[in-house]
Structure formats: C-alpha cells, structure tokens
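Below is one structure; the comments refer to it alone.
Numbering (the working numbering), first residue to last: -15 to 532.
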C-alpha cells in the first residue's frame, strides 16, 4: 500500500500531465481554427436531355467526398438553394462572382462548373475558388466515354481538392490543374527571353498560364445574343473610332464612353442573312470608310454579301446581293487592300483576287495564287520567312496554319490546328434519304501586327478549343479560346505570346486604339454561350480588350 505522500506525489504528476495534455489539445484546436466552409453551386447541365437527376447527384457525391467533421463543413443543398432564391445570381459563375457570393454566404470556398453530355461522351468542367484570392484556384476538365464515367471524374476532382486544398491523402489518378497567378508588373508588355511577359493580359507561352482570372483585360460590352463578327473604324469622320458588331442579320454601331461601349445605331437587314465577317476600309476613297459585310444565305449554302457606308447623315447600303466573300488586309506598306473570293462550291475553293471600287460596285483585279483549301476570310499578307519575302499566311480548311509564297507554293504548314468558329457552311446532302448535311466550319481572321515596335511583325491567330477535342462530331461545342501571337523562328511559326484563355469561343478580333490614348488594344469578341436548344439558356457575348 502506497504511503500518503507518495500517493499525493503520483496524483500530482498525473494531474500535471493531464493539464499539459489539455493545454496542448486546446492549442492544437486553436491553431487548427474553425472548420472550412464549402458551398457547392448547382452545376450547369449542357444537354438536350433532362439531367436534373445527375445535377443533384453531382452535389451529393461532392458533399459526401469533401465533408470532414470538424475540419470541412459542406453547406447543405437547402442553404445554397435559399441563397440563390434570395439573390440576383443568375446563369454561369466566374471567379470574381464566386468570391463575392462566397463572402456573402460566409463560405471559404465556392465550387461551380458544368457538365456537357452529347451523344455518348460526357465532359466535366469544374472550379474551386478560394474567396480570399490567396489560395490557388483548382480547375478541372476531363472527359468520359459515357455518362457512367462521370462518377470517376467526380472522384478525381474531389480527390484533388482533398489533396491540394485540405491536405488529405486520397488515391487519385487524374489531376486538377491549379491556376497560377501571374506576377505583378507595371510594364504593359515586354520581351522576356524566356521569362514571363506580363501586363495587358498577355503572357509568355513558356509560363503555361491557362485560366488567369481577369488577366489584364477589360470588359466593355455584355450582349444578349451571338456577336458573330466585329470591326473597328472611324465611320463618320468625327475623329473617334466606332466598334461595329454583327448578329445573324443586324449591325450594331457602338462608341466607347468611359470604359463601356454604348450603342449608337442599330441597322436591320433581311432575316435571310447569316453574317460571318466584317471589315472597315475606305476603298472608294470618298472619305467615309465602307463596312464590308460577308453574309451567307439563310440555308448556309450560298453567299449574299453587301456593303454599307455613312453618307454624312445616315448609313446606306451601297451594294448588295454579291456572291463574294470579302476581306480587307494590310500590305507590308500598311495600306488597305480589299480582297474578294468567288463563292465556288464552298468557302475554301473559290478564286481569290484584289478588288477595286467602280462607282458603288467593286470589280475584280489581279488574281492571287494560294494553295488549295484556302478561304479569304482567314488570310493575311506579310513577310514571314525573311524580311523581304512577299508571302501569304492562311488557316486552311483543315485548320492548319500555312505559309505560301507569291506563286502559291507552300513554304510551311503547321501540325497543330488553329482557328475554328461557330460559323458553318452546309455541304450538299449526301445520304440516300437526303436528311444529312455535313458542316464545313469557317475560321476567323488572322492579322499581322508589330508588338515590340522592332520592325518585325507577329501573327495574331485565334485558337478555339472544342469539348472532347472534336469528339462530338459536326456539332461543335466550344470549351474555351485564346489569341496566340506567333513569329518565325527560322524553322517554323512558333507561339511567343498568348492572351488568357476565356470560356466559350472567340468569334473575331481586331487591333486599334479604341480609347484614343495613343496605345493600341487587342479587341476581342467572345461568344460566352451559344443557345443549343429551346430549353437551354439564352446566348450571350462580350467585347473585351487587352493593352498592347
């Protein structure tokens, strides 16, 4: 039997140890802090089928895989739905909106995304945003061969969140890609020689920036509908440039007021038009530049282009019903030349020639030799392989970037695909019951511009990316797009800079000093969403710009 003094000593040691352990536990709890709150917003479902069951299933799967009592609290569906009903939040989210919503809800992280299901394939696009902006944004985009494969995609996305954000070890085969933050710089644009090129939303290809949020670009217009083409010019000789945008059959003339594009005019044309391209240039030399409008017929199997001009009081159609594709290009001497292309059997096989004004009409001039499968809509002229070369660059029918000399011989062709838009030409019906028509998609403009004022011009090219890399066939569904700037490296045209990737698809771009500050901007029209069926959300577009 222990003596009282020894018993008291042992009890004292026990109580001391218990006190120390309690303090450690409390301190650990304090250091760990309150559990992180995660809000999962309903995923946008892009499908002709009713996938509400899967939308609910995505929430349930992520809820169960991310919840960790005492560490991670996932807000229940009822709380999220109540917030959506009481707020003005509509449509798809972006990172900026997610941070605002998260702060209002008291959440630490917001998860949002979309699931696209066409035919047999499915694609899951998702983001997890730290509302403080201090942590990385996780971006996940993967495809499965069927709808059943979505479960494994959700497992992978949840596994990445647990590993990279909450530091929980899980077995995960796929990897969500963190969005790196561009380093800050006060220099609008600089040559980097392998370092990051920062500012104005442009970045070095070597850095691999793919999903930067608002990386230096400004949004000037949000538009309900599809902006399929765009051009910029001083139409009325007031010393300010106007931005002209086109839907299928209408033109909208905007002017920059502050940072917003304000509509000045709306010009309505026949509903049988399907406008695919715009250019502005004073070809007839009367002081007022013409708007050259390339338009397909309503059935997308013919061409019915027209020309519009301001006459000092109003905008007039001075030429119409032309079966010609128009494109205005710059020569190496920086003069504007109007090119035309015969309609041919499709947009990639008609003869291309220079055009000259003849009254209110435009007559054919010198024929231009180009390789087969060339469209004038994706054609530019400038020295590429040497400073004195007279060459043409084009995106051909197969999406390849091609450099050709003035005799029409190919000097170089890319292995990668560029271009691609939602505009298409319908080929003749070729099956027995005449119910099927193949689509031939058009490519956007390409353009030379000297970024560094070093006398060497870079080539600006749009690159729009499809869901599943084109696995969905002739019905194009676009995931995102960006503008690349390429330069000849002695062997090939190689990308040196690119804009931040934007969701949707880029329909057009141009380069001009839109705000009159003496610095040119890269002005881009983006189709954020194209309406696919009567039950899908309305189409929307934006005009954004990057400082050069």
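The C-beta atom is built at its ideal place from N, Cα and C for all residues, glycine as well.
Bear in mind the structure is a predicted one, so any value in this text is a computation, not a measurement.
Subject >> residue 62: first and last residue of the uninterrupted alpha helix (DSSP H) it sits in >> reply: 61 to 70
**OP:** Could you check the C-alpha separation between residue 246 and residue 498 for me, to the nearest Å?
**Re:** 13 angstroms
**OP:** Give the C-beta separation of residue 299 and residue 251 to the nearest angstrom, bearing in mind that I take them to be a contact with Cβ-Cβ under 8 angstroms.
**Re:** 6 angstroms
Original post:
Are there 16 or more other CB atoms within 10 angstroms of the CB of residue 429, so buried, or fewer, so exposed?
Top reply: buried
Subject >> C-alpha gap between residue 36 and residue 97, whole angstroms >> reply: 15 angstroms
Original post:
Whole-angstrom Cβ separation of residue 608 and residue 226, contact assumed at under 8 angstroms?
Top reply: The structure shown does not extend to residue 608, since the chain is modelled only from -15 to 532, so the question has no answer here.
**OP:** Would you decide whether residue 109 is buried or exposed? Buried here means 16 or more other CB atoms lie within 10 Å of its CB.
**Re:** buried
Original post:
Expressed to the nearest angstrom, what Euclidean distance is found between the alpha-carbon atoms of residue 157 and residue 337?
Top reply: Interpretation of residue 157 is limited by its pLDDT of 48, a score under 50 that renders its predicted location unreliable; the figure taken from the coordinates is listed afterwards. Going by the C-alpha atoms only, they are around 54 angstroms apart.
**OP:** Using 10 angstroms around the beta-carbon of residue 315, count the other beta-carbons present and answer buried if the total reaches 16, otherwise exposed.
**Re:** exposed
**OP:** Drop a sphere of 10 angstroms on the beta-carbon of residue 513, count the other beta-carbons inside from all chains shown, and report buried for 16 or more, exposed for fewer.
**Re:** buried
Original post:
Does the beta-carbon of residue 66 have 16 or more other beta-carbons within 10 angstroms, so that it is buried, or is it exposed?
Top reply: exposed
Original post:
In whole angstroms, what is the alpha-carbon distance linking residue 496 and residue 531?
Top reply: 10 angstroms
Subject >> Start and end residues, alpha helix (DSSP H) containing residue 389 >> reply: First-last for residue 389: 384 to 389, but that is the beta strand (DSSP E), not the alpha helix (DSSP H).
Original post:
Where does the unbroken beta strand (DSSP E) through residue 397 begin, and where does it stop?
Top reply: 394 to 401
Subject >> Cross-strand partners of residue 310 (DSSP beta bridge) >> reply: 324
Original post:
Per DSSP, residue 297 forms a beta bridge with which residues?
Top reply: Per DSSP, none; premise fails for residue 297.
Subject >> Cut-off 8 angstroms between Cβ atoms - residues of its own chain near residue 274, not counting five sequence neighbours on either side >> reply: 264, 265, 266, 267, 268, 291, 292, 293 and 302
Original post:
In the structure shown, what three-state DSSP assignment does residue 266 receive?
Top reply: coil
Subject >> Proximity of residue 477 and residue 387 at Cβ, strictly below 8 angstroms >> reply: yes
Subject >> 7 angstroms Cβ shell around residue 189 - same chain, five flanking residues per side excluded >> reply: Note that residue 189 has pLDDT 46, beneath the 50 cutoff, so the model's placement of it is unreliable and the number below is only indicative. Here the set comprises 479, 480, 481 and 482.
Original post:
Beta carbon of residue 215, beta carbon of residue 280: below 8 angstroms?
Top reply: no
**OP:** Could you say which of 404, 340 and 432 lies nearest to residue 375 if we only look at CA atoms?
**Re:** 432
Subject >> DSSP-derived helix/strand/coil call for residue 27 >> reply: coil
Original post:
Under the three-state reduction of DSSP, which class applies to residue 211: helix, strand or coil?
Top reply: coil
**OP:** Have a look at residue 451 and residue 138 and give me their C-alpha separation to the nearest angstrom.
**Re:** 17 angstroms
Original post:
Span of the alpha helix (DSSP H) holding residue 126?
Top reply: Taken as a continuous stretch (DSSP letters only), residue 126 belongs to no alpha helix (DSSP H), being part of the beta strand (DSSP E) at 121 to 128.
Original post:
Going straight from the alpha carbon of residue 270 to that of residue 295, what length do you get?
Top reply: 10 angstroms
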